[in-house]
Amino acid sequence: MSQTQLQRRRRGLLLVISSPSGAGKTTLSRRLLQDEEDLVMSISVTTRNPRPGEQDGKDYFFVSREQFQEMRAGDQLLEWAEVFENFYGTPRGLVERALARGRDVLFDIDWQGSRQLEMTSADDLVRIFLLPPSLGDLATRLRSRAGDPEEVITHRMNRAAAEIQHWAEYDYVIVNDDLETAFRELKAILHAERLKRRRQVWLNGHVESLIRPRS
Ligand code: ADP
Ligand code: 5GP
Numbered sequence: 077m078s079q080t081q082l083q084r085r086r087r088g089l090l091l092v093i094s095s096p097s098g099a100g101k102t103t104l105s106r107r108l109l110q111d112e113e114d115l116v117m118s119i120s121v122t123t124r125n126p127r128p129g130e131q132d133g134k135d136y137f138f139v140s141r142e143q144f145q146e147m148r149a150g151d152q153l154l155e156w157a158e159v160f161e162n163f164y165g166t167p168r169g170l171v172e173r174a175l176a177r178g179r180d181v182l183f184d185i186d187w188q189g190s191r192q193l194e195m196t197s198a199d200d201l202v203r204i205f206l207l208p209p210s211l212g213d214l215a216t217r218l219r220s221r222a223g224d225p226e227e228v229i230t231h232r233m234n235r236a237a238a239e240i241q242h243w244a245e246y247d248y249v250i251v252n253d254d255l256e257t258a259f260r261e262l263k264a265i266l267h268a269e270r271l272k273r274r275r276q277v278w279l280n281g282h283v284e285s286l287i288r289p290r291s
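According to this note's numbering, the sequence shown holds residues 77 to 291 in order.
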């Protein structure tokens, strides 16, 4: 990192992606994390069972209901919600450490979590809602993912409308039709939000040096 980059301290942002299950949050998040070195994923705790291929500590921290309640009672969760009869929550520690280091944090959470972050971190929050191109595509994608039994897929389809109803609570909306286009749009949002004046805390000193140069 060059001296100039080191001096460009930014205030980290909280990038929330929500959507009905199967619209593409995980796929787009993984790609974004590969490309963006100053971005870290918030890894949630959940009481649901792992899907085939999911790893503890990477996709989620898989915990029992008792462990989840202990974390909640101990104020260790930044936000939490019950989704599809399971509990999900964001451990506080990772997020606070990343933001303190000027990193951005990516959240794959539902509308209930997004609302809670709005109450605690409104200035740092950027909310994106993903829509599928159609319900038919959503069903195909839920099946293509493999790992969920048919009754779970039906349940997720039945819950899609309830999640979609919250789309207007978000700052940006991306229709994930063509993956490459959606990915470009997602990156454009992150890059523009990083340039918001209030996030570029280093600018105060820089502008001062431009308008009052030391002789
Ligand atoms: P979510 O995390 O929102 O539940 P996923 O990212 O797991 O959704 O995506 C569900 C399935 O849809 C996956 O199999 C993924 O590969 C596929 N998928 C995601 N985006 C697209 C797209 N634009 N076109 C076709 N398939 C997609
Ligand atoms: P899945 O079981 O498909 O991984 O996730 C189901 C839903 O729970 C998704 O809408 C996902 O965004 C949401 N979710 C995952 N982790 C969290 C979390 O920590 N908090 C909240 N509020 N929602 C979460």
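Glycine included, every Cβ here is placed at the ideal spot set by N, Cα and C.
Practice problem: Could you check the C-alpha separation between SER210 and LEU279 for me, to the nearest Å? | Solution: 44 Å
Quiz item: the ligand 5GP heavy atoms versus the CB of THR166: any closer than 7 Å?
Solution: yes
Self-check item: Host alpha helix (DSSP H) of VAL116 (start-end)
Solution: Run containing VAL116: none in the alpha helix (DSSP H); it sits in the beta strand (DSSP E), 115-117.
Quiz item: In this structure, does DSSP put PHE205 in helix, strand or coil?
Solution: Strand, per DSSP.
Quiz item: Bridge partners of LEU154, per DSSP?
Solution: DSSP, once it has assigned bridges, lists no residue as partnering LEU154.
Quiz prompt | contact_flag[the segment 223-243, the segment 171-183] where n(CB pairs < 8 Å) is 3 or more | solution = no
Quiz item: What are the partner residues of GLU132, as DSSP defines its beta bridges?
Solution: Residue 132 is actually Asp in this sequence, not Glu. Answer by DSSP bridge pairing, in chain order: TYR136.
Exercise. Determine the closest residue to ARG127 out of ARG221, LEU115, GLU194 and GLU239, with distance taken between C-alpha atoms.
Key: ARG221
Practice problem: Would you list, in sequence order, the uninterrupted beta strand (DSSP E) runs of no fewer than 3 residues that lie entirely inside the segment 213-286? | Solution: Taking only runs of at least 3 residues, the beta strand (DSSP E) segments lying wholly in the segment 213-286 are 248-251.
Self-check item: Beta-carbon proximity of ASP200 to ARG87, cut-off 8 Å
Solution: yes
Quiz item: For the segment 154-167 against the segment 182-194, are there 3 or more C-beta pairs whose distance is under 8 Å?
Solution: Segments in contact, yes.
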